[in-house]
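Just so we're aligned, residue 790 is where the sequence shown starts under my numbering, counting upward by one.
Here's the structure we're looking at; comments come further down.
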Amino acid sequence: MGASYIEPNDYLNNKIQEPYMMSRAFNEPPAAPPAPEFPTEPGHRQAYEIRPTSVVILETDQGRAAFIKLERIGKEYIHHYAVQLHPRIDTALGMVYLDPEDTVFDTVLVADFDFGSATGEHSGPRAGHAFENAKGHFIKVDEDPQSQKLYGFVECSTGIVRRRQERGIKAVYTQWSATASADGQTVSMEEVLLRFEGQTKA
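Structure below.
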């Protein structure tokens with residue numbers, strides 16, 4: 790049986806509404822993706838389950854230390870890292886890679902920062918220095934040794950590792966310090982380590 794014939798005007802009359810309705814649907818702002826749900830109680834969990842900016846406790850060659858949990862958004866994967874906050878490292882500060890399934894002690898406390906006074910130097914922060922640009926506050930850190938990049942830039946407000954943030958630097962902070970916040974209260978990193986001293990061994 791041959792194809793049925795449709796008058797051109799009938800075709801247009803029938804179809805003219807469809808693109809309009811579709812365009813209205815596509816022009817509506819997309820719904821925001823649901824916010825990820827993170828644990829609210831401290832405990833051991835896998836790295837991928839831990840909120841970026843959460844204070845985590847890791848064992849180092851010098852003993853237990855408080856770190857900030859970080860994430861880098863890759864093209865296909867989310868990569869997980871941590872940077873030591875306390876005891877403070879005076880030499881070049883670097884990222885520690887976390888396998889997504891590594892077991893880490895999550896305090897669920899949020900890392901906060903006191904940047905102190907600016908140095909007056911607006912360029913050339915070294916690894917371990919914090920600085921401010923138009924986008925916010927960042928800490929420059931040595932990259933993961935497996936990376937082909939030299940430096941990463943920790944966005945302090947989000948715990949996301951960014952690239953290329955050294956343009957338009959407004960201030961550099963060399964004497965910054967970190968605390969933790971919970972329920973509107975500020976907790977020193979020394980207190981964090983003491984609070985969870987008996988819980989951090991898996």
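Glycine is no exception: its CB is placed at the ideal position from the N, C-alpha and C atoms.
Starting from residue i, follow the beta strand (DSSP E) in both directions and report where the run begins and ends.
i	result
Leu847	Ser843 to Thr849
Leu859	Gly852 to Ile862
Ile958	Run containing Ile958: none; DSSP gives neither H nor E here.
Asp967	Looking at the sequence itself, residue 967 is Ala, so the reference to Asp does not match. Ser966 to Ala971 is the extent of the beta strand (DSSP E) around Ala967.
Arg834	Gly832 to Gln835
Phe920	Ala919 to Asn922
Tyr870	Ile867 to His875
Arg952	Where Arg952 is concerned, there is no enclosing beta strand (DSSP E), given that its DSSP letter is neither H nor E.
Ile928	Gly925 to Asp931
Asp1025	Since the first residue of the chain shown is 790 and the last is 991, residue 1025 is not available in this structure.
Leu887	Met884 to Leu887
Specify, as a first and last residue, the run of the alpha helix (DSSP H) that residue i falls within.
i	result
Leu939	Neither: Leu939 is in no alpha helix (DSSP H) and is coded neither H nor E.
Leu982	Met978 to Arg984
Got a sec? Which residues, its chain only, sit under 6 Å from residue i by beta carbon, not counting five neighbours each side?
i	result
Phe827	Arg840
Pro914	Phe920, Lys929 and Val961
Asp901	Thr968 and Ser970
Thr975	Thr968
Verify whether the separation of the beta carbon atoms of residue i and residue j is less than 8 Å.
i	j	result
Thr930	Val872	Note on residue identity: the sequence assigns Val, not Thr, to residue 930. Yes; because the gap between Cβ atoms is below 8 Å, this pair is in contact.
Arg861	Tyr870	yes
Leu898	Val844	yes
Met978	Glu932	no
Ser966	Asp891	no
Lys864	Gly948	no
Arg952	Phe927	no
Gly925	Glu955	no
Identify, in the order they occur along the chain, each residue of the same chain with its Cβ nearer than 8 Å to the Cβ of residue i, setting aside the five sequence neighbours on each side.
i	result
Gly832	Phe894, Asp895 and Gln988
Phe985	Pro831, Ile846, Phe894 and Thr896
Thr880	Gly917
Gln964	Gly905 and Ser906
Gln851	Pro876
Arg834	Pro828, Thr892, Val893 and Asp895
Lys938	Glu932 and Arg952
When we look at the beta-carbon of residue i and count the other beta-carbons within 10 Å, is it buried (16 or more) or exposed?
i	result
Gly917	buried
Ala854	buried
Ala923	exposed
Thr849	exposed
Thr842	buried
Leu983	exposed
Going along the chain, which residues of its own chain have a beta-carbon closer than 7 Å to the beta-carbon of residue i, five neighbours each way excluded?
i	result
Leu887	Ala836, His869, Tyr870, Ala871 and Val893
Gly957	Asn922 and Ala923
Ala907	Ala960, Val961 and Tyr962
Tyr784	Limits of the chain in this structure are 790 at one end and 991 at the other, which puts residue 784 out of reach.
Val981	Val844, Ala855, Thr896, Leu898 and Ala969
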